[in-house]
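Using our numbering, the letters of the sequence shown correspond one by one to residues 1059 to 1204.
Here a beta-carbon is modelled for each residue, glycine too, at the ideal position from N, C-alpha and C.
Report on the following structure.
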Amino acid sequence: MSKKTVEVVNKEIANFSVLYTKLHNYHWFVNGPHFFELHVKLEELYNEVTANMDELAERLLALGEKPVATIKEYMELTSIEEATGKENTEDMVQSVITDFEKLSKELEEGIESAEKDDDQVTGDMLIGMKKSLNKHAWMLRAYLGR
């Protein structure tokens, strides 16, 4: 695994870690007529994000690399903005869409780097995550009627 691929994977570990906390925030504070369905959906999403973070970290460890694992490191690397606590329900859903689209785009860099390394396992993991993020973003856009 090249240094570039390690850097990209670590950035996504940081992103998924910050996103996990953000999704939890939204899960706890969502309200309104769609509370029940969004509360459940947000839990589904933060569980998936956790699995992605863990899978990436374990992949690095399996290859003798070191995943980032502190809040300080996450905040230095992340491109995800934290929840403000002022979002209404629609803002929460839109923020998740924006984050998923951003992560999907960033994963392309990791996929390309893994391909250059001839690391099909890492590339395949990243492709699977990208596919899922794209599907969730599409469904959430449909939920908002966009």
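Quick one, which of S1190, E1102, E1164, K1062 has its alpha-carbon nearest N1073's?
-> Taking the first residue of the sequence shown as 1, we reach residue 1073 at position 15. It is E1164 whose Cα lies nearest to the Cα of N1073.
Could you tell me the distance, in whole angstroms, from the CA atom of G1143 to the CA atom of N1083?
-> Here residue 1143 refers to the residue found at position 85 when the sequence shown is read from its first residue. Here residue 1083 refers to the residue found at position 25 when the sequence shown is read from its first residue. C-alpha separation (whole angstroms): 8 Å.
Give the secondary structure of K1124 by DSSP, where H, G and I count as helix, E and B as strand, and everything else as coil.
-> The residue labelled residue 1124 in the question sits at position 66 within the sequence shown. Reduced to three states, the DSSP call for K1124 is coil.
Please go through the segment 1124-1192 and give each complete alpha helix (DSSP H) segment of 4 or more residues, from N-terminal end onward.
-> 1129-1135, 1147-1174
Give the secondary structure of V1088 by DSSP, where H, G and I count as helix, E and B as strand, and everything else as coil.
-> Residue mapping note: residue 1088 aligns to position 30 of the sequence shown, counting from 1. Reduced to three states, the DSSP call for V1088 is coil.
G1168 versus P1125 - alpha carbon distance = Working through the sequence shown from its first residue, we reach residue 1168 at position 110. Working through the sequence shown from its first residue, we reach residue 1125 at position 67. Distance between the alpha carbons of G1168 and P1125: 15 Å.
What is the DSSP secondary structure of M1197, counted as helix, strand or coil?
-> Numbered from 1 along the sequence shown, position 139 holds the residue referred to as residue 1197. Of the three classes helix, strand and coil, the one that applies to M1197 here is helix, per DSSP.
Going by alpha carbons, who is nearest to L1202 out of I1155, G1181, N1110, V1088?
-> On the sequence shown, position 144 is the one that residue 1202 refers to. Checked all of I1155, G1181, N1110, V1088; the closest Cα to L1202 is I1155.
For I1129, count neighbouring Cβ atoms within 10 angstroms of its own Cβ and tell me buried if that reaches 16, exposed if not.
-> In the sequence shown, the residue the question calls residue 1129 occupies position 71. That one is exposed.
By DSSP, does M1111 sit in helix, in strand, or in coil?
-> On the sequence shown, residue 1111 is found 53 positions in, with the first residue counted as 1. It is helical.
Using a threshold of 8 Å, state whether the C-beta atoms of Y1078 and V1107 are closer than that.
-> If you number the sequence shown from 1, residue 1078 lands on position 20. If you number the sequence shown from 1, residue 1107 lands on position 49. Cβ atoms of Y1078 and V1107: closer than 8 Å.
Indicate whether L1161 and E1070 have their beta-carbon atoms separated by less than 8 Å.
-> The count along the sequence shown starts at 1 and reaches residue 1161 at position 103. The count along the sequence shown starts at 1 and reaches residue 1070 at position 12. Result yes, Cβ atoms of L1161 and E1070 sit closer than 8 Å.
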